[in-house]
Every structure is written in structure tokens, then in C-alpha cells.
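Numbering (the working numbering), first residue to last: 18 to 258.
C-beta: ideal position from N, C-alpha, C; glycine also.
For reference, the structure is listed below as C-alpha cells.
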């Protein structure tokens, strides 16, 4: 059943993204701006900016929006200054949660994150309390029914770190952060279709939650994800349908 949950969790995430396209644009613009501010506006020399721009293009963001966000980050245009903050906490049955924010008001961000967690049955933890349970890496997720042999062969050729075949027939290719774009673009070049490709915080171990516990945990993640200051929410909860 774990394999089934992975696929269901991925589909839930994609469905929520499609349902809130406007907010996705806002998050991506903030990420592009911060990436350009920190690493410069040249995509080829700024991996974080390259990832943000690629994500924006996948969401069909107009090129003018991307260019303006980069210029705001590099100071060529006036814009809001965002601060990066990471919060860590716990959900149902101690499931770990990481919340990455970009905000222009740190006090507001922490208050909203704490409120969202406690109201839904979770709690905010201290810095480092759960981060050790996750690995910063790239993941490329292939739907059930994909050609596992073809994915495996190409992943090895492109220099991926690992390939995981789940019980439901879905496949995950794991890459280092530095090799993510090379591997992703390799699959694009050979027209091997994937469902999701992203830099993420991948849990080293997972907590399976079923029934009411799963529903409560999903509610926590959804409420956090709705907050304006929140960019990404990661958890080691594996939620059964």
C-alpha cells in the first residue's frame, strides 16, 4: 500500500497546484526574485534561479513576468525585500514537517505558521528538530505503468544517485542537487515523460497515517500551504487514501 500512497500523495499535490494557479504564480515570482538577489540574474550561473525560471515556464508564466521578477531581484527594478525563513514542527503522531517561507514580515509569518499548526493539532518545534530526517535532493517521479527499464537505463546514464521502483509501478529517480537539471533535461531530450520533477526535502523515513489521522494530517499540510508567506511544505507523512 505504500506505493499506492506515494502516487496518491503526488496526485493530490498536483491537483492542488492546478486549483490555485494564481497563488503558484505569486510564489514563483517571489522565488525568482530572491534567487536573483542572492545569486545574480544570469540563469546559466545561478542554479537556484534556473530552477525557479524552469518551474515558472512549466506553469506557463509570461516571459515578461519572469524578466520583471529577475530585475527586481538584481535591483534594476524596485521591489519588496523578502527574507527566507525555515520553520520546523510536528503533525499527527509526531510526523515531521518543514515549512519554508519567503516573507517581508517575519513576525506575521511565524504567528500564522504557529497558529495553523496548533489549530489543526500540530505544534511548532525548534530549529533543527526535524531537518535531520530529510535529504535535500532532486526527485523525478514517473507515473505507474512507465517503462521502468528505460527509466533505469537512462537514469544511470545521466548520473542519477538512485532509482526507486514503488509497489504501484511508479518510479522515483533521485539526484544530487547539482545534477538535478542535467538529469531532468536528459529525460526531456529523450522524451521520457515524468509526472513531477523538483528539488525537494525528501524524508529519509516515512510515517504512515491512515483514516482519520491521515485526514487530519492532510488538513495541516493544506492549511500551511495556503498561507501567503509559505513557499514549500515538506513532510515525512505518507497518507493513505
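Whole-angstrom distance between residue j and residue i, CA atom to CA atom
| i | j | result |
| --- | --- | --- |
| residue 70 | residue 217 | 16 Å |
| residue 187 | residue 168 | 11 Å |
| residue 232 | residue 255 | 11 Å |
| residue 62 | residue 236 | 39 Å |
| residue 228 | residue 234 | 10 Å |
| residue 182 | residue 190 | 9 Å |
| residue 203 | residue 160 | 18 Å |
| residue 76 | residue 133 | 27 Å |
| residue 20 | residue 27 | Unreliable placement is indicated for residue 20, whose pLDDT of 42 sits below 50; the coordinate value is still reported in the next sentence. Each residue's alpha carbon lies about 11 Å from the other. |
| residue 226 | residue 23 | 12 Å |
| residue 93 | residue 57 | 11 Å |
| residue 157 | residue 180 | 9 Å |
Three-state secondary structure assigned by DSSP to residue i
| i | result |
| --- | --- |
| residue 102 | strand |
| residue 169 | helix |
| residue 177 | coil |
| residue 160 | coil |
| residue 112 | coil |
| residue 26 | helix |
| residue 152 | strand |
| residue 87 | helix |
| residue 124 | helix |
| residue 194 | coil |
| residue 256 | strand |
| residue 140 | strand |
| residue 199 | helix |
C-beta atoms of residue i and residue j nearer than 8 Å
| i | j | result |
| --- | --- | --- |
| residue 193 | residue 138 | no |
| residue 123 | residue 100 | yes |
| residue 214 | residue 199 | no |
| residue 141 | residue 131 | yes |
| residue 250 | residue 102 | no |
| residue 110 | residue 239 | no |
| residue 152 | residue 223 | no |
| residue 148 | residue 105 | yes |
Cutoff 8 Å: residue i Cβ touching any chain D Cβ
| i | result |
| --- | --- |
| residue 95 | Here there is only one protein chain, and chain D is not present. |
Proximity winner among the options, relative to residue i (alpha-carbon distances)
| i | options | result |
| --- | --- | --- |
| residue 196 | 212, 166, 44, 175 | 175 |
| residue 241 | 27, 136, 212, 76 | 136 |
| residue 13 | 252, 248, 257 | The structure shown does not extend to residue 13, since the chain is modelled only from 18 to 258, so the question has no answer here. |
| residue 164 | 210, 206, 144, 178 | 210 |
| residue 113 | 68, 170, 144, 172 | 144 |
field: Touch test, the stretch 49-60 against the stretch 81-89, Cβ-Cβ under 8 Å, three pairs minimum
entry: These segments touch.
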